[in-house]
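Residue numbers (the working numbering), protein chains in the order written: chain A, 1 to 522; chain B, 1001 to 1303.
Cβ coordinates follow ideal geometry from the N, Cα and C atoms, glycine included.
Note that the coordinates shown come from a computational prediction; the quantities given were computed from them, not determined experimentally.
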Amino acid sequence: MEVFNMENLTYHYPNKDRPALSRLDLKIHDGEFLVVAGASGSGKSTLARIISRLAPEFYGGKIEGRVNGTRDIGMVFQDPEKQLVMETVEREVAFPLENRGVERKLMKKQVLEVLSLLGIWHLKDKKTYELSGGEKQKVAIAAALAVRNRFLVLDEPVSQLDPMAADEIMHILKKLNDDLGFTIVLVEQRTEKCLSYADRVVFLDNGEIAFIGKPPEYVKWAGRHDCNFLPPVTELFWRLESNNLPLTVKQGRELINSNYDVAANALGKPFLTAKSKAMTLKKVGFSFGDGTMALSSVTLDVGKGETLGIIGANGAGKSTALRIMAGLLKPSKGKAEAYGAVGYLSQEPNDYLFNDTVYEELLFTQKNFEKIDCDLIEEILCDLDMESKRNINPRDLSGGERQRVALASVLAMKPQILLLDEPTRGLNKGYKMRLAAYLGNLKRKGKTIVLVTHDMEFVAEVCDRAVIMFDGQVAQEGPTSEILSGGLHFTTDINRMFHGMASPLRIEEAEGICVKKGSGGP
Amino acid sequence: MLLLRKVFAMCHKLHPANAMLLLAVLISATLLVSHPVHSALLVSVLSFSVAAFGGAGELKGLLKFWIVTGIMILIINPLVSTQGHTVLFRTVLPIAGRIRITVESLAFAGLMVLRLFSMVLVIKLFGLSIDRDDFFGYLSRYMNKLVLTMSMTVNMIHRLRVEIQRVSEVMAMRGLDLKSGGLVKRTRAYYPMIKVVLISSLEGSVNRAEALYSRGYGKGKRSFYREIGMTGKDRLHMVALCIYTIVFFWGIYKGWLGFSFFPAISPKSDFSLIYFVAHATSLAVLIEATRRCSAWKFSTWKI
């Protein structure tokens, strides 16, 4: 049964000449799990708003064509911070019911039921602003479900979350779809998390549908057009020119076992110990004002010119360690020293952007340090591929571009040591690879880089050395290949797929050790 | 202290009507009374109350703020106000002109310091004694849109605090010096930080409005999740509160709480001591009433 239908839809935001969506035809069936993919600015969020009727009802604008929907729709947004309005979780979930005038007795039942369904009963009396990002997103989903909408539209709900929280949200969506028959439209640019759950995939390009079909057809199409929208496991088999393209690690492993011989690989990139130190932490301890211990006796050396990745679960003390390295926090115990100018990029690029143009943003940093160097600004803009954006207001740029402007504004102070906190959060694979290439350039120029991230693929790509933190302590440190190989959680999808066979971390490494059975060997 | 703890622990989720009346009475007690003994008593009681509500840690911060602003008031007020008979110090300064510092103006400044702290404590206590969602839910029956705006503002204050902290760190790392220099230099240094926070808040407000709309806000008649009726406990509390209110306003009406600072320091009435006994008794009645009606909650506690 069809629950939503649009025919020849074109939509313009108010005061915009260029349509955000153009000539779209789309039918959504009851109980379907539809993934909407595409690059930043391709119209994914606009499509979500059209389906949920926020556009044009809330946004205004001009709409042409036909849109028919038979269901009430619940919407969940990207940023968990900006969609919660009440103080406690229970009241937040009840809020949409109150708005619809639902009777009190029924309301109570529906709130309690949905809290139990999503396993967040224990959060009932908590303040919404005290929740973690994943918990906030679960509360937002609960609020959308409480009104008994059996049709959910989610706009990149996991892009701001760590992998564990993202997995939990995806499992909830899967459960809602499989067990309860909910219709789900999930907007997502990183397809590795959701492709295996999807019944169909819509790929948008410049406001038009470039592809619509089932996931196995999608991966073939994406392989031909843009590998940045393929999960790493699928991309490996695309590169190996396999006829079968797996969507999950399990499918990939089965394919390797049945069709390929795997040669043992040498462990990753060679790692050379740096001769001199760029930064040291000696038995550093740190406690917050309320007495919560964040770091306990952390000892860590960062060599000059090396790229170090700090990984670990939420609350392990990664960001605190980075802020101590940056000099933003004073250790309660021990000593932290940096031997060179330190630049710090926080998780939120918007915190950097307030000037009228990209160029002025870089100039602002240099003025503060009284070291104006226009040549350096030109060089940074060129290296980060931002020359064409130099006169644009940074707030008008996409998420990935804002991230680059923030990075550029830090680089403008010519730091010797660069500290990056979650630099890939919210970035698609294309942007990530460009960032990795740029960090490689900086490394070649002798810069020391320390990054905190949940993104194991990125660590494998750019880091010489990695540190796993757990409960405010360093659990393990060593060359990246050693730290990530064979890990259960802190490793890449590619490494998981080859578990017990070999230890590649990156697609390129895996590609080099796979030989098709019967092809005569490498 | 233990008694207070019991009383105010019970009050932790006051009925919104009680909470509003309590707020009104305490603000009146702060602003309408000029008797320094009464003001000092009020500050002491409020400080203990805030501490009993679990706000002891925040009390330290408030105390710092109070001491700094208190010293400023004690310095500035006697310089501006030249009334009073008992002159302590007299001089002529360039620009400022003739300076005449009197005991009366110093005493009046002392009262202002007490009032300031009392107001801060009243607001703190109010915040601690209500369930905000319940309070706003109760008010929203009568002024829905205003209440939602207030609720979102309260919610945003916490987020803004986190955001300001984050942005100031980022700006400090970009070489912005927020700590040194004079007032003009520091104000100029804060400008980029404030601009970032304002722009982000504006962007955030559109997202919030969108979230509100998607949740059906303003699309029809609302219902209310929690029934906020008056229990026997609330009624007892209300009666005690009313008795205290009557005693308080009776004292105001009769002038027993009056006090003159100028031209010379003197109480306005001879009966103020008797009244203070009555005032203290009514407060004790309020406390005892709330203790009794909440006793079941704390039956394991011993005084």
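- Proximity to A/ARG66 across A/ARG239, A/ASN5 and A/ARG18 peaks at A/ASN5, based on C-alpha coordinates.
- Annotation for A/TYR11: the continuous beta strand (DSSP E) segment containing it runs 2-12.
- Interface with chain A (7 Å Cβ-Cβ cutoff): B/ASP1234 is excluded.
- Taking 4 residues as the minimum length, the alpha helix (DSSP H) runs contained wholly in the stretch 172-240 of chain A are 215-225 and 232-239, in order along the chain.
- Chain A has no Cβ within less than 7 Å of the Cβ of B/TYR1138.
- Within the stretch 100-175 of chain A, complete alpha helix (DSSP H) segments of at least 4 residues are found at 104-117 and 133-146, given in chain order.
- Using a Cβ-Cβ cut-off of 7 Å, B/ALA1240 does not count as an interface residue toward chain A, since no Cβ of chain A sits closer than that to its own.
- The beta-carbon of A/LYS82 is placed less than 7 Å from the nearest beta-carbon of chain B.
- Counting only runs that start and end inside the stretch 277-334 of chain A, the alpha helix (DSSP H) elements of at least 4 residues fall at 318-326.
- Taking the C-beta atoms as reference points, A/GLY334 is found no nearer than 7 Å to A/MET469.
- When A/ASP178, A/GLY133 and A/LEU180 are compared, the shortest CA-CA separation from A/ASP162 is found for A/GLY133.
- Distances from the alpha-carbon of A/ASP226 to those of A/LYS214, A/LEU204, A/ASN243 and A/SER242 put A/LEU204 closest.
- Residues of chain B with a Cβ closer than 8 Å to the Cβ of A/GLY343 are, in chain order, MET1173.
- In the DSSP assignment, B/HIS1038 falls within the unbroken alpha helix (DSSP H) covering 1036-1050.
- Interface with chain B (7 Å Cβ-Cβ cutoff): A/LEU186 is excluded.
- Beta-bridge analysis with DSSP links A/ILE468 to A/ILE311 and A/GLN476.
- For A/LYS62, the enclosing beta strand (DSSP E) stretches over residues 62-69.
- Within chain A, the residues placing a beta-carbon under 7 Å from that of B/HIS1158 are TYR129, ordered along the chain.
- Secondary structure in the stretch 1084-1125 of chain B: the beta strand (DSSP E) runs of 3 residues or longer, each lying completely within the stretch, are 1087-1093 and 1097-1102 in chain order.
- Rounded to whole angstroms, the separation of the alpha carbons of B/THR1281 and B/TYR1244 is 9 Å.
- Here A/ILE449 is bridged, per DSSP, to A/THR307 and A/LEU418.
- A/TYR59: not part of any alpha helix (DSSP H); DSSP gives it neither H nor E.
- Taking 7 Å as the threshold, the shortest C-beta distance from A/PHE4 to chain B does not fall below it.
- In the same chain as B/LEU1106, and ignoring 5 residues on each side of it, the C-beta atoms closer than 6 Å to its own belong to PRO1078, in chain order.
- Burial state of B/TYR1191 is exposed, judged by a 10 Å Cβ sphere holding fewer than 16 other Cβ atoms.
- Chain order gives the chain B residues near A/ASP79 as ASN1207, where near means a beta carbon separation below 7 Å.
- Only residues of its own chain outside the window of five on either side were considered, and among them PHE33, LEU152, LEU173 and ASN177 have a CB closer than 6 Å to the CB of A/ILE184, listed in chain order.
- Closest in C-alpha terms to B/GLY1258, from the list B/MET1230, B/MET1238 and B/SER1039, comes B/SER1039.
- If you compare the alpha carbons of A/VAL515, A/LEU411 and A/ALA39 with that of A/ASN206, the shortest gap goes to A/ALA39.
- Taking the CA atoms as reference points, A/VAL93 sits about 51 Å from A/ARG444.
- Not a single CB atom of chain B sits nearer than 7 Å to the CB of A/ASP178.
- For A/GLU509, the three-state secondary structure derived from DSSP is helix.
- Apart from the 5 residues on each side of it in sequence, B/VAL1196 sits with its Cβ closer than 6 Å to the Cβ of VAL1167 in its chain, given in chain order.
- Inter-residue distance for A/LEU154 and B/ILE1073 is about 55 Å (C-alpha atoms, whole angstroms).
- Cβ-Cβ distances below 6 Å link A/ALA222 to PHE229 and LEU230 in the same chain, with the five nearest sequence neighbours on each side left out; the list follows chain order.
- About 5 Å separates the beta carbon of A/GLY61 from that of A/PRO14, a gap short enough to meet the 8 Å contact definition.
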